[in-house]
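Mapping of the sequence shown onto this note's numbering: residues 582 to 938, in sequence order. Glycine is no exception: its CB is placed at the ideal position from the N, C-alpha and C atoms. Written below as structure tokens is the structure these notes are about.
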Amino acid sequence: MKRIGLLTSGGDCQALNATMRGVVKGLAANIDELEVYGFMNGYKGLIYGDYRMLTAADFSGILTKGGTIIGTSRQPFKLMRVPDANGLDKVEAMKQTYYKLRLDCLVILGGNGTQKTANLLSEEGLNVLHLPKTIDNDIWGTDMTFGFYSAVNIATDAIDCIHTTAASHNRVFIVEIMGHKVGWLPLYAGIAGGADIILIPEIPYDTEKVVEAIEARAKAGKGFTILAVAEGAISKEDAQLSKKELKRKIESRTHPSVSYELAEKIQKATGLEIRITVPGHTQRGGSPCPYDRVLSTRIGAAAAKLIMDGEYGYMVGVVNGKTKKVPLAESAGKLKTVPVDAQEIREAKRIGISFGD
């Protein structure tokens, strides 16, 4: 008999269900007796003992279903050691739930913050595996996270749709893509969607350079310009501020986001009509793309093998196209940012895409 727990934490994405399915099917096909406990709404379910038994029926037909059948929530890592409003020790409560159910392993699907808590639980003696989920593709130790390419597809579709209206009206369009600290998503969507300017957090932009790129297109007879802008894009001036100064500026900002602030500056400098489109949470929604279905199934199956082999304390990553176990202690707390000299950036610049630098 194997008893495993499943929980999904942090922001949702398209391939969470597909990955859980891979884990359970990988175990069920090789183990005679299996019990699966789904913890509801992320770490909250583990802390407060909110769970339900999952059966084979729960995992039937969910390969193509976005979101998560057991719910999710954000539980900041920095607050995990802080007692709740009733004085409950959250870490101790999670351990007690784990031992009460006599789990052999806890499989945790989530991003960077989720992974740090997974590593904490591993250090506390629990058998833990982490499966890397995020549309940002920013987890250190894996080349790819499930959810990324599905989000790229949606963000690219948004840029594709903007092309026709931008060309029809000879306007400048800013498409704001998710990516608070890391720019993989706007970089890939921007290239795939044919954006003329891509602004990512790793490369602070010069507004004058952005304006120059727009005006250069106009002089070349191209009546429209499309910018793919990360929600975490930052100007060179703001990049010089301390963290406290930048936080104060953001808190006092009258614009909804950096895209609106940039649009105002471009309009003043050029007199052109600027429009902003924010795909927002649509980038997390819908069905997983075929690539993510394959990736999730492989990651889930690899996790199942680790459980059968009794190997814990790992993230299941993908390196050079192969699934690989990565020690949680090596990966947790590290962010995989876009190198400023990445091949993708160099090649994008070679075909004339501006990064505002």
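* From the DSSP output, read off the bridge partner residues of R856. => F754
* **Neighbourhood of G813 by C-beta distance below 7 Å, restricted to the same chain and skipping five residues each side** => G760, H761, K762 and P782
* Residue interval of the beta strand (DSSP E) (run including L780) -> I778 to L780
* To do: Note down, in chain order, each residue of its chain lying with its Cβ closer than 6 Å to the Cβ of I888, except the 5 sequence neighbours on either side.
  => C686
* Within its chain, find whatever has a CB closer than 7 Å to the CB of A736; leave out the 5 residues flanking it on each side and keep chain order. => I758, L766, A770, P860 and Q864
* Asked: Are V900 and T726 close, meaning C-beta to C-beta below 8 Å?
  -> no
* Asked: So is L682 buried or exposed if we call it buried at 16+ other beta carbons inside 10 Å?
  -> buried
* Limits of the unbroken beta strand (DSSP E) element including V709 -> V709 to P713
* **Those residues which DSSP pairs with A599 across a bridge** => According to DSSP, A599 bridges with nothing at all.
* Go ahead and label P713 buried or exposed: buried means 16 or more other beta carbons lie within 10 angstroms of its beta carbon, across all protein chains shown. => buried
* Roughly how many angstroms lie between the CA atoms of G603 and T878, to the nearest whole one? -> 5 Å
* With respect to the alpha helix (DSSP H) encompassing A850, which residues constitute its N-terminal and C-terminal limits? -> V839 to T851
* Can you tell me the Cα-Cα spacing of E892 and L615, whole angstroms? -> 17 Å
* Can you check DSSP and say which residues form a bridge with M896? => H711 and V907
* Asked: What are the start and end residues of the beta strand (DSSP E) that includes K583?
  -> K583 to T589
* **Cβ-based burial, V897 [other Cβ within 10 Å; buried from 16]** => buried
* Taking only the alpha-carbon atoms, compute the straight-line gap between E928 and G630 and give it to the nearest angstrom. => 51 Å
* **Start-end ranges of the beta strand (DSSP E) lying completely within the region 774-836, minimum 3 residues** => 778-780 and 806-811
* Contact check, I651 vs G619 under 8 Å by CB: the rounded distance? -> 4 Å
* Chain-order list of residues whose beta-carbon lies under 7 Å from that of M883 (same chain, five-residue window excluded) -> In the sequence as displayed, the identity of residue 883 is Ala instead of Met. Once the five neighbours on either side are set aside, the close Cβ partners of A883 are V897 and T904.
* To do: Just tell me which of V672, V733 and G764 has its CA closest to the CA of E705.
  => V672
* When DSSP labels each residue in this structure, what does L539 get in the three-state scheme? -> This structure does not reach residue 539, given that the chain is present from 582 up to 938, and the question cannot be answered.
* For the region 612-687, which segments carrying the beta strand (DSSP E) assignment without a break, of at least 3 residues, lie completely within its bounds, in sequence order? -> 615-620 and 632-635
* Asked: Taking the alpha-carbon positions, what's the D787 to F754 distance?
  -> 18 Å
* Might you give, ordered along the chain, the residues of its own chain that have their beta carbon closer than 7 Å to the beta carbon of A739, omitting 5 neighbours on each side? => V756, T858 and P860
* Asked: Does the Cβ of V907 have 16 or more other Cβ atoms within 10 Å, making it buried, or fewer, making it exposed?
  -> buried
* **CB-CB length for T806 against L690, believed under 8 Å** => Between L690 and T806 the Cβ distance is about 39 Å, and since that is not below 8 Å, they are no contact.
* Asked: Which residue or residues does DSSP assign as beta-bridge partners of S935?
  -> I778
* **Rounded C-alpha distance that separates V875 from G881** => 10 Å
* Asked: How would you label T678, buried or exposed, when you count the other beta carbons within 10 angstroms and need 16 or more for buried?
  -> buried
* Asked: Should D613 be labelled buried (16 or more other beta-carbon atoms within 10 Å of its own) or exposed?
  -> exposed
* **Bridge-paired residues (DSSP) for F729** => Looking at the DSSP assignment, F729 forms no beta bridge with any residue, so it has no partner.
* Helix, strand or coil: which one does DSSP assign to I740? -> helix
* Can you tell me where the alpha helix (DSSP H) with L887 in it begins and where it stops? -> P871 to D890
* To do: State the beta-bridge partners of I720 as determined by DSSP.
  => L916
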